[in-house]
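Presented below is the structure to which this report refers.
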Amino acid sequence: MVAPLSDDAYADFVAAIADSDVQRIQSILSGTEFILISVEDPDEPEDSEEIGALTAELEDQDVLVVFSSESHAEQFVNAQADVFEDIEEVQGFTVGGELLMDYLPDDYGILINPETDDVQLIDADIADQMRPPVDEDAS
32 MVAPLSDDAY ADFVAAIADS DVQRIQSILS GTEFILISVE DPDEPEDSEE
82 IGALTAELED QDVLVVFSSE SHAEQFVNAQ ADVFEDIEEV QGFTVGGELL
132 MDYLPDDYGI LINPETDDVQ LIDADIADQM RPPVDEDAS
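Counting from 1 along the sequence shown, just add 31 to a position and that's the residue number in the numbering used here.
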């Protein structure tokens, strides 16, 4: 069952990230849901059903910005009010950790809970190790 992280599970997640324990990070991610902030791609038609997620550049690497709870997402939006000032309503969507890894672009890290006391970074090299294997036979 996919669910938000409890405080104890988040502490374990933080420890796994600090230890660069790929298997433990992946195990925790797979059973967790995250909130992403949706962004519109200016190159997509307005009636497109494509959903984009907020990304950033941090420490010379691209990262996907994710949140472990609605309150963390809200703290971020409030802290970055100038970024969102032209948006009437900031939209978010929930995604399970396994699906998150399926769609994480190559060479992207994961920035968790930015602008909060619980901020964590999974470096791109660690995230790449957690990526599902590519099925070369699938076409």
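Heads up, the beta-carbon is just placed ideally off N, CA and C, and yes, glycines get one too.
Range covered by the alpha helix (DSSP H) that runs through Ser130: Residue mapping note: residue 130 aligns to position 99 of the sequence shown, counting from 1. Inspection of the sequence shows that residue 130 is occupied by Leu rather than by Ser. Looking at the DSSP string, the run of the alpha helix (DSSP H) that includes Leu130 is 128-134.
What does a CB cutoff of less than 7 Å around Asp43 pick up in its chain, not counting 5 residues either side in sequence? Start at 1 with the first residue of the sequence shown, and residue 43 comes out as number 12. Taking Asp43 as the centre and dropping the five residues before and after it, the same chain places the C-beta of Ile59 closer than 7 Å to its C-beta, in chain order.
Hey, how far is the Cα of Phe115 from the Cα of Ser69? By one-based count along the sequence shown, residue 115 stands at place 84. By one-based count along the sequence shown, residue 69 stands at place 38. Cα to Cα, Phe115 sits roughly 12 Å from Ser69.
Which residues DSSP lists as bridging Ser69, in chain order: As a position in the sequence shown, residue 69 is number 38, starting the count at 1. According to DSSP, Ser69 bridges with Ala84.
With DSSP collapsed to three states, give me the class of Asp93. If you number the sequence shown from 1, residue 93 lands on position 62. Three-state DSSP puts Asp93 in a strand.
From the DSSP output, read off the bridge partner residues of Gly62. Working through the sequence shown from its first residue, we reach residue 62 at position 31. Beta-bridge pairing links Gly62 to no other residue.
So, with DSSP's three-state summary, where would you put Ile153? On the sequence shown, position 122 is the one that residue 153 refers to. If DSSP states are grouped into helix, strand and coil, Ile153 belongs with the strands.
Where the alpha helix (DSSP H) through Ile118 begins and ends: Residue 118 sits at position 87 when you count from the first residue of the sequence shown. Looking at the DSSP string, Ile118 is not in any alpha helix (DSSP H), and its letter there is neither H nor E.
Between which two residues does the alpha helix (DSSP H) holding Ser102 run? Numbered from 1 along the sequence shown, position 71 holds the residue referred to as residue 102. Start and end: 101-110.
Is the distance from the Cβ of Ala104 to the Cβ of Ile143 below 7 Å? One-based indexing of the sequence shown puts residue 104 at position 73. One-based indexing of the sequence shown puts residue 143 at position 112. Cβ distance not < 7 Å, so Ala104 and Ile143 don't count as in contact.
For Gln92 and Gly140, believed in contact at Cβ under 8 Å, the rounded distance: Taking the first residue of the sequence shown as 1, we reach residue 140 at position 109. Taking the first residue of the sequence shown as 1, we reach residue 92 at position 61. With 8 Å as the limit, Gly140 and Gln92 qualify as a contact, their Cβ atoms being about 5 Å apart.
Let's see if you can read the secondary structure: which residues bound the alpha helix (DSSP H) around Asp43? Position 12 of the sequence shown, counting from 1, holds the residue named residue 43. For Asp43, the enclosing alpha helix (DSSP H) covers residues 38-49.
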